[in-house]
Ligand SMILES: NC(=O)c1ccc[n+]([C@@H]2O[C@H](COP(=O)([O-])OP(=O)(O)OC[C@H]3O[C@@H](n4cnc5c(N)ncnc54)[C@H](O)[C@@H]3O)[C@@H](O)[C@H]2O)c1
């Protein structure tokens with residue numbers, strides 16, 4: 002996959018120019034640069050507040066008693082965390098993924114409350130099997146977490162139509178097939194909740210991630226059309242927009258193209274990547290009936306990255 006950061010970095014630096022941090026212009030209009038410490042969210046990391054261990058599975062409640070979920074991409078990263086979090090809160094989970102060994106291992110770890118199934122989100126047949134498995138094993142289906150996704154990128158010169166098709170098939174068509182395949186069971190299992198994992202890249206563009214950005218905007222749009230259609234049928238549909246979360250996906254990107262450049266807004270605002278559990282806490286809430294008045298919504302868990310610019 003052609004990742005090339007230099008032209009993008011170069012463009013960013015050119016855009017930023019040389020004059021942004023000169024004290025003269027800023028003080029002339031009464032502006033001051035915020036101390037960097039004011040922008041850091043590290044003090045709110047799990048464990049630092051003393052309120053949580055940082056592991057969603059360590060916070061046991063019965064918030065999801067009676068809930069049965071399918072979590073796609075549940076073998077890794079955030080999907081695995083969501084599966085663990087759902088069980089920790091009293092729910093049952095069907096873990097779907099194409100990474101069979103890792104998925105089975107997580108299901109085994111979770112015992113009777115979890116089963117694994119091979120679920121390629123681009124396959125209608127796999128979806129049908131997953132729905133059947135949920136209803137047969139746990140008696141119902143009332144939560145769908147469309148989480149599976151891939152990330153690719155490259156400049157417009159390099160990015161191929163094949164890369165575009167692949168990311169759109171998994172990230173955008175996958176959630177559509179999930180909704181289409183699950184809607185009957187979700188109606189039977191209502192009140193039900195669909196959680197579509199979009200991204201901060203579904204709220205604003207990311208240079209060099211054309212297909213990924215488009216796919217995550219598509220997920221946000223699909224969430225709206227489905228929420229409107231299903232509101233009267235006892236099914237809520239919301240999108241979740243994570244920022245920079247520490248998972249194998251982001252690690253692979255860092256390995257290929259490096260982290261945010263020194264001085265970048267991303268580097269200053271998101272001084273730490275979030276733990277998957279910090280996204281799971283939101284997913285558990287949206288899956289539960291506590292979120293009964295939320296549908297068609299966009300839920301940010303992005304460390305403030307889409308809030309605006311930091312000068
Ligand atoms: N990590 C981040 O910073 C971040 C930020 C915003 C959004 N997201 C989104 O969150 C979701 C989870 O990402 P993650 O960071 O945990 O990634 P990850 O790479 O750790 O996990 C993704 C999982 O999806 C699975 N998968 C890939 N293709 C699949 C397919 N066709 N069918 C079924 N499963 C498939 C993989 O096997 C893997 O287990 C993705 O939709 C991603 O786009 C991630």
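In this note's numbering, the protein residues as written are 2 to 312.
Heads up, the beta-carbon is just placed ideally off N, CA and C, and yes, glycines get one too.
CB of residue i within 7 Å of CB of residue j, strictly
i           : j           : result
residue 75  : residue 84  : yes
residue 280 : residue 243 : yes
residue 124 : residue 173 : no
residue 221 : residue 199 : yes
residue 182 : residue 238 : no
residue 213 : residue 152 : yes
When the options are compared against residue i, the one with the closest alpha-carbon
i           : options               : result
residue 304 : 177, 201, 111 and 291 : 201
residue 179 : 205, 224 and 160      : 224
residue 114 : 93, 226, 289 and 311  : 93
residue 145 : 309, 240 and 160      : 240
residue 205 : 81, 309 and 61        : 309
residue 313 : 257, 176, 188 and 258 : Since the displayed the chain opens at 2 and closes at 312, residue 313 lies outside it and no answer follows.
residue 196 : 107, 147, 252 and 134 : 147
residue 276 : 252, 256 and 294      : 252
residue 61  : 107, 118, 302 and 285 : 285
residue 203 : 302, 311 and 63       : 302
residue 160 : 256, 117 and 211      : 211
Beta-carbon separation (whole angstroms), residue i vs residue j, contact threshold 8 Å
i           : j           : result
residue 274 : residue 246 : 6 Å
residue 155 : residue 209 : 6 Å
residue 234 : residue 188 : 6 Å
residue 227 : residue 82  : Not confirmed; about 24 Å, so no contact.
residue 78  : residue 72  : Not quite, the Cβ-Cβ distance comes to about 11 Å (not below 8 Å), so this is no contact.
residue 383 : residue 128 : Nothing can be reported for residue 383: it is not among the residues displayed for the chain, which extend from 2 to 312.
Taking contact to mean at least 3 C-beta pairs separated by less than 8 Å, is the stretch 167 to 177 in contact with the stretch 84 to 95?
no
Do the stretch 134 to 142 and the stretch 63 to 71 make contact, defined as three or more Cβ pairs closer than 8 Å?
yes
Check whether the stretch 96 to 107 and the stretch 284 to 293 touch, using three or more Cβ-Cβ pairs below 8 Å as the test.
no
Taking 8 Å as the cut-off, does the stretch 296 to 310 touch the stretch 102 to 112 (at least 3 CB pairs, one atom from each stretch)?
Not touching, per the Cβ criterion.
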